[in-house]
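Please read the structure below before turning to the comments.
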Amino acid sequence: MGVVWNHPAVLTLAFRHGTPARALIRNGEGFVVSLPPDDLVSRPAFREWLTHRQEDMAHAPGLSPWYGMASGIAGIEQCPVHLECAQGVLGNRYGQDVLSGTLIGLYINQKPLPIDKPLNFSLYTRVECPLPVSCS
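Using the working numbering, the letters of the sequence shown map in sequence onto residues 803 to 938.
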């Protein structure tokens, strides 16, 4: 995942060509990136499920969908950070599927944060930064 432009923020995701997630990506539609906490990612059962299943993460065992975003697209309730993007553009670059979209919402602990000024995504993903975000 990377930020292509800082203001307005455009989020770009690259997937290995042929990945099971490809079936979930549709050109021109919005999408949500839910950033899981370390304790969720480190669970062997969760990693095993991600590796071998071809479903949306919102349907993984032990996870619940969260529909609090403006677009109505589900995030994952157990994830503290959600990036909501509009107008996803799907492409292929260097043998990878690439999805880009304009950031329209940033949610920390299911509360919206302003996105009207440049964003520093490292504030929302650093391990040492407790949520809700108050780090500088």
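The beta carbon of each residue, even a glycine, is placed where N, CA and C say it ideally should be.
Beta-carbon contacts of tryptophan 851 that lie in its chain and below 6 Å, excluding the five residues immediately before and after: In the sequence shown, residue 851 corresponds to position 49, counting from 1. For tryptophan 851, where only same-chain residues beyond five positions count, the Cβ hits under 6 Å are Ala862.
The alpha helix (DSSP H) enclosing glutamate 831, as first and last residue numbers: Within the sequence shown, numbered from 1, the residue matching residue 831 stands at position 29. First-last for glutamate 831: undefined, no H or E at that position.
What residues are listed by DSSP as bridge partners for asparagine 911? Taking the sequence shown and counting its residues from 1, the one referred to as residue 911 is at position 109. Asparagine 911 pairs with nothing; no bridge assigned.
Alpha carbon of phenylalanine 848 to alpha carbon of leucine 842, nearest angstrom: Residue numbering aside, residue 848 sits at position 46 when the sequence shown is read from its first letter. Residue numbering aside, residue 842 sits at position 40 when the sequence shown is read from its first letter. Rounded to the nearest angstrom, the two C-alpha atoms are 7 Å apart.
Here's the rule I'm using: 16 or more other beta-carbon atoms within 10 Å means buried, otherwise exposed. How should proline 916 be labelled? Taking the first residue of the sequence shown as 1, we reach residue 916 at position 114. Looking at its Cβ environment, which holds fewer than 16 other Cβ atoms inside 10 Å, proline 916 is exposed.
Is DSSP giving leucine 815 helix, strand or coil here? On the sequence shown, residue 815 is found 13 positions in, with the first residue counted as 1. Three-state result, leucine 815: strand.
Do leucine 892 and isoleucine 827 have their C-beta atoms closer together than 8 Å? Numbered from its first residue, the sequence shown carries residue 892 at position 90. Numbered from its first residue, the sequence shown carries residue 827 at position 25. In contact: leucine 892 and isoleucine 827 (Cβ atoms closer than 8 Å).
Which parts of the region 833-895 are runs of the alpha helix (DSSP H), unbroken and 4 residues or longer, counting only runs that do not cross its ends? DSSP runs (the alpha helix (DSSP H)) wholly in the region 833-895: 840-843, 846-854.
Top-ranked residue by Cα proximity to isoleucine 910, from Leu815, His809, Met871, Arg818: Locating residue 910 in the sequence shown gives position 108, counting from the first residue. It is Met871.
Based on DSSP bridge pairs, tell me the residues matched to threonine 904. Residue numbering aside, residue 904 sits at position 102 when the sequence shown is read from its first letter. Its beta-bridge partners are Val812, Ala888.
I'd like the list of long-range same chain contacts for serine 866, defined as Cβ closer than 6 Å, with 5 residues on each side in sequence excluded. Here residue 866 refers to the residue found at position 64 of the sequence shown. Only Glu879 meet the Cβ criterion.
Using beta-carbon positions only, say whether glycine 832 and glycine 890 come within less than 8 Å of one another. In the sequence shown, the residue the question calls residue 832 occupies position 30. In the sequence shown, the residue the question calls residue 890 occupies position 88. Their beta carbons are under 8 Å apart, which means glycine 832 touches glycine 890 by this criterion.
Quick check: the Cα distance between histidine 809 and aspartate 918, rounded to an integer number of angstroms? Along the sequence shown, one-based indexing puts residue 809 at 7. Along the sequence shown, one-based indexing puts residue 918 at 116. Their Cα atoms are separated by approximately 8 Å.
For aspartate 899, name the three-state secondary structure that DSSP assigns. The count along the sequence shown starts at 1 and reaches residue 899 at position 97. Note: aspartate 899 maps to strand in three-state DSSP.
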